[in-house]
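Working notes, structure below.
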Amino acid sequence: MRAGTQVRLLVGTHKGLFIFTSDAGRASWQMEGPMLAGWEVYSVLGDHRRTPRLYTGTSHVAYGTTIRVSDDFGATWREIENGPRYSPESGFKLNRIWQLAPGHPSQPDTLYAGVDEAGLFVSHDRGETWQELDALTKHPTRPDWWAGGGGLCLHTILIHPHNPQRIWVGISAVGVFRSDDGGAAWQSKNKGLLDTHTEQPAGEVGSCVHKMVIDRANPDTLYMQEHLGVYRSDDGGDRWVTMEEGLPAANLHHPEWWAFGFPLVQTRAGNLFLVPLESSEQRNVAGGDLRVYRRAAGAAAWEPTAAITPHEPRYTSVLRDALATDDLAEPGVYFGTTGGDLFYTLDEGDSWQRIPGRLPRIFTVKAWTLDA
Amino acid sequence: MSAPSSLDLSPSPSPAPQPIALEVRVPGMLRSCTDQRGRFTVQAATLAEAMQVLLATYPLLRVHLFDEQGAQRRHVLFFYNDQDMRKLPRWDFPLRPGDRLSVVQAVSGGATEVTRRV
Chain A
80 MRAGTQVRLL
90 VGTHKGLFIF
100 TSDAGRASWQ
110 MEGPMLAGWE
120 VYSVLGDHRR
130 TPRLYTGTSH
140 VAYGTTIRVS
150 DDFGATWREI
160 ENGPRYSPES
170 GFKLNRIWQL
180 APGHPSQPDT
190 LYAGVDEAGL
200 FVSHDRGETW
210 QELDALTKHP
220 TRPDWWAGGG
230 GLCLHTILIH
240 PHNPQRIWVG
250 ISAVGVFRSD
260 DGGAAWQSKN
270 KGLLDTHTEQ
280 PAGEVGSCVH
290 KMVIDRANPD
300 TLYMQEHLGV
310 YRSDDGGDRW
320 VTMEEGLPAA
330 NLHHPEWWAF
340 GFPLVQTRAG
350 NLFLVPLESS
360 EQRNVAGGDL
370 RVYRRAAGAA
380 AWEPTAAITP
390 HEPRYTSVLR
400 DALATDDLAE
410 PGVYFGTTGG
420 DLFYTLDEGD
430 SWQRIPGRLP
440 RIFTVKAWTL
450 DA
Chain B
102 MSAPSSLDLS
112 PSPSPAPQPI
122 ALEVRVPGML
132 RSCTDQRGRF
142 TVQAATLAEA
152 MQVLLATYPL
162 LRVHLFDEQG
172 AQRRHVLFFY
182 NDQDMRKLPR
192 WDFPLRPGDR
202 LSVVQAVSGG
212 ATEVTRRV
């Protein structure tokens, strides 16, 4: 970490984007925003593979969805004219842009966008023009794709760190697909997952992945928060097994209550974090106890991290893209709630702090680390 | 005759009407597409031509007003003066001085003026 390092928390909400900036100490934060006021910001990306650029996926119930970029850290924004767009012949509608992900480091002009209705788009010119990777929406299982509560959304995009041709995507309530040729062809990767209770017949799709991450040390290992449990795969998604030891669902006397939750993140130290919710039906933290769980690298079970102070009931939730970590040597973990609060830890969950302010419903939190 | 179900840019009948400066209003959320202007004029002879000129001048508007199939978005309204343009059988009629084209978000705001029932 060099002197002058800045951390920016990019917080997309139901009503605009907020940016919180701090130095590497991360003791205090300066807020800017709302930017793009009135627009839903479901996705945000800070990308400095070339010159620093902010990307957002904005949407509105009346006015549709587009990508906007800023080259001055949010002071001014420019709407992309040739953004993701389904062809008229496809019959699909672009409802929201759920995820903006950078391409492999060897492809610094490449970005991916995951959208609702579920599909994947790619740009090879820093977001100026986009094309659908339509082998995914032409997959033979497409007639069996079924929307989850949040819509038929492609919300997770992972690129193998050593192989830019290997891409995973997660779609609710459909499952995982993997491509080994840069998106030209896709295979479903849902073996070992339970079938979600959609109205579709059980088959190779119908699992409701909520969030997925790649292990930082071994990119063949993936972790997943799914609608019906928490899983890992050690073979790139070919087979999934549960990893729910220590999660509160195992302590409940309600067999219909699964290890339900949405976000999942892994820090540089290899520790995993997630936020269990009471149930699929209620989708709030149990008993108003907002509690992050940690699975330390190599540990056999999850454990609750420190309570958030002051102790008070918080009947809230953390959405799938609202938990993040930064790239500093002593990583911070950050999350935003549906109640509009932001919390973070600098000691891997042994203590939590709240960033002052109450925002609109928080959809996404990303930590963007830049050296001045 | 039914209202146009998608963007109707059919040519105007002869003899060719004369262009006028048609006042256009757009809601605040879309002013980033119109150089931050909420009221401006476009030169057009017919309502259909006015919509064509509007989208040619401010192409970013198109994605916000029309969906992938070219249909007017469900929660977007166009008003020709006080008439909902969905209910107009055609748009290729001559404009008159003082006419106005307003883009309005349905139900939940966006209008700069409202009419009180008396």
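Chains A and B supply the protein sequences, listed in that same order. The first sequence begins at 80 in the numbering used here and counts up by one. The second sequence begins at 102 in the numbering used here and counts up by one. Beta carbons: idealized from backbone N, C-alpha and C, even for Gly.
Taking all protein chains shown into account, decide if G308 of chain A is buried (16 or more other Cβ within 10 angstroms of its Cβ) or exposed.
In the assembly as shown, G308 of chain A is a buried residue. Its beta-carbon has 16 or more other beta-carbons within 10 Å.
Below 7 Å, is the gap between the Cβ of T216 of chain A and the nearest heavy atom of the ligand GDP?
This structure simply doesn't include the ligand GDP, nor any ligand for that matter.
For G171 of chain B and chain A, any beta-carbon pair shorter than 8 Å?
Closer than 8 Å: yes.
Using a 10 Å radius around the Cβ and a threshold of 16 neighbouring Cβ atoms, would you call T145 of chain A buried or exposed?
It counts as buried.
Beta-carbon proximity of L233 of chain A to G198 of chain A, cut-off 8 Å:
Against a cut-off of 8 Å, the Cβ pair of G198 of chain A and L233 of chain A comes out as a contact.
Cβ-based neighbour list, F171 of chain A, same chain, cut-off 8 Å, excluding 5 preceding and 5 following
Same-chain partners within the cutoff: Y165, E196, G198, T216.
Please list, in chain order, all residues of the same chain as L421 of chain A whose beta carbon is under 6 Å from its beta carbon, the five residues on each side excluded.
Cβ within range, chain order: G415, I434.
Run through chain B and tell me which residues come within less than 7 Å of Y165 of chain A, C-beta to C-beta.
Chain-ordered, the chain B residues with CB closer than 7 Å to the CB of Y165 of chain A read E169.
Kindly list the residues whose CB is nearer than 6 Å to the CB of N242 of chain A, restricted to its own chain and excluding five residues on each side of it in sequence; keep chain order.
Hits under 6 Å: none found.
Under the three-state reduction of DSSP, which class applies to G129 of chain B: helix, strand or coil?
Here DSSP, grouped into helix, strand and coil, assigns G129 of chain B to helix.
R295 of chain A versus A:V284, A:Q304, A:D313, A:G285, residue with shortest Cα-Cα distance
Closest by alpha carbon: A:D313.
Here's a check: name, in chain order, each residue in its chain whose Cβ is nearer than 7 Å to the Cβ of P65 of chain A, leaving out the five neighbours to either side.
In the structure displayed, chain A extends from 80 to 451; residue 65 of chain A sits before or after that span and is not available.
In chain order, what residues of the same chain lie with their CB nearer than 7 Å to the CB of D75 of chain A, ignoring the 5 residues before and after it?
A query on residue 75 of chain A cannot be resolved here, the shown segment of chain A reaching from 80 to 451 and no further.
Enclosing beta strand (DSSP E) for T424 of chain A [first to last residue]
From DSSP, the beta strand (DSSP E) with T424 of chain A extends over 421 to 424.
Cα-Cα separation, Q43 of chain B to L398 of chain A:
Within the shown structure, residues of chain B are numbered from 102 to 219, placing residue 43 of chain B beyond reach of any answer.
One question on the structure: do Y121 of chain A and L190 of chain A come within less than 8 Å of each other, judged by their Cβ atoms?
In this structure, the beta-carbon distance from Y121 of chain A to L190 of chain A does not fall below 8 Å.
Within the continuous beta strand (DSSP E) that includes Q242 of chain B, where are the two ends?
This structure leaves residue 242 of chain B out entirely; chain B is present only between 102 and 219.
Alpha carbons only, please: which of A:W337, A:L272, A:N350 is nearest the one belonging to V320 of chain A?
Among A:W337, A:L272, A:N350, the Cα nearest to that of V320 of chain A belongs to A:L272.
Express the C-alpha separation of A157 of chain B and E168 of chain A in angstroms, rounding to a whole number.
If you take the alpha carbons of E168 of chain A and A157 of chain B, they lie about 23 Å apart.
Whole-angstrom distance between W431 of chain A and R390 of chain A, CA atom to CA atom
Residue identity check: residue 390 of chain A is His in the sequence provided, not Arg. Rounded to the nearest angstrom, the two C-alpha atoms are 12 Å apart.
What ranges does the alpha helix (DSSP H) occupy inside the stretch 171 to 244 of chain A, keeping only unbroken runs of at least 4 residues that lie completely in it?
DSSP runs (the alpha helix (DSSP H)) wholly in the stretch 171 to 244 of chain A: none.
By the criterion of Cβ-Cβ separation under 9 Å, what are the contact partners of Y142 of chain A in chain B?
Going along chain B in sequence order, the residues near Y142 of chain A (Cβ under 9 Å) are P128, M130, L131, V164, H165, L166, R174, H176, V177, Q206.
Taking Cβ positions only, does Q432 of chain A come closer than 8 Å to chain B?
It does not: the Cβ of Q432 of chain A has no partner Cβ on chain B nearer than 8 Å.
Run through DSSP, which three-state label would H289 of chain A get?
When DSSP states are grouped into helix, strand and coil, H289 of chain A belongs to the strand group.
Using a beta-carbon distance cut-off of less than 9 Å, what residues from the stretch 169 to 202 of chain A approach chain B?
Residues S169, G170, F171, K172, L173.
What is the C-beta distance between G136 of chain A and A192 of chain A, in whole angstroms, given that I count them as a contact (C-beta under 8 Å)?
With a contact defined as Cβ atoms closer than 8 Å, G136 of chain A and A192 of chain A qualify at about 7 Å.
If we cut at 8 Å on Cβ distances, does L225 of chain B have a partner in chain A?
One cannot answer for residue 225 of chain B here, as it falls past the ends of chain B, which runs 102 to 219.
Distance between G228 of chain A and A451 of chain A (C-alpha atoms, nearest Å):
So the two alpha carbons sit approximately 41 Å from each other.
Report the rounded CA-to-CA distance for D200 of chain B versus C134 of chain B, giving the unit in angstroms.
Distance between the alpha carbons of D200 of chain B and C134 of chain B: 22 Å.
Measuring alpha carbon to alpha carbon, tell me which of B:A207, B:V125, B:M130 ends up nearest Q173 of chain B.
For the options B:A207, B:V125, B:M130, the alpha carbon positioned closest to that of Q173 of chain B is the one of B:A207.
For T388 of chain A, count the other beta carbons within 10 Å of its own beta carbon; 16 or more makes it buried, fewer makes it exposed. Which is it?
Label assigned to T388 of chain A: exposed.
First and last residue of the uninterrupted beta strand (DSSP E) at L402 of chain A
Start and end: 402 to 404.
Where does T158 of chain B fall in DSSP's three states?
T158 of chain B sits in a helix when the DSSP states are folded into three classes.
What residue from A:P327, A:T275, A:F341, A:G285 has the CA that sits closest to Y302 of chain A's CA?
Selected option, being the one with the closest Cα: A:F341.
Just list the residues that DSSP pairs K445 of chain A with in beta bridges.
Residue pairing by DSSP places K445 of chain A opposite A:L89 in a beta bridge.
Cα-Cα separation, W192 of chain B to Q184 of chain B:
Rounded to the nearest angstrom, the two C-alpha atoms are 12 Å apart.
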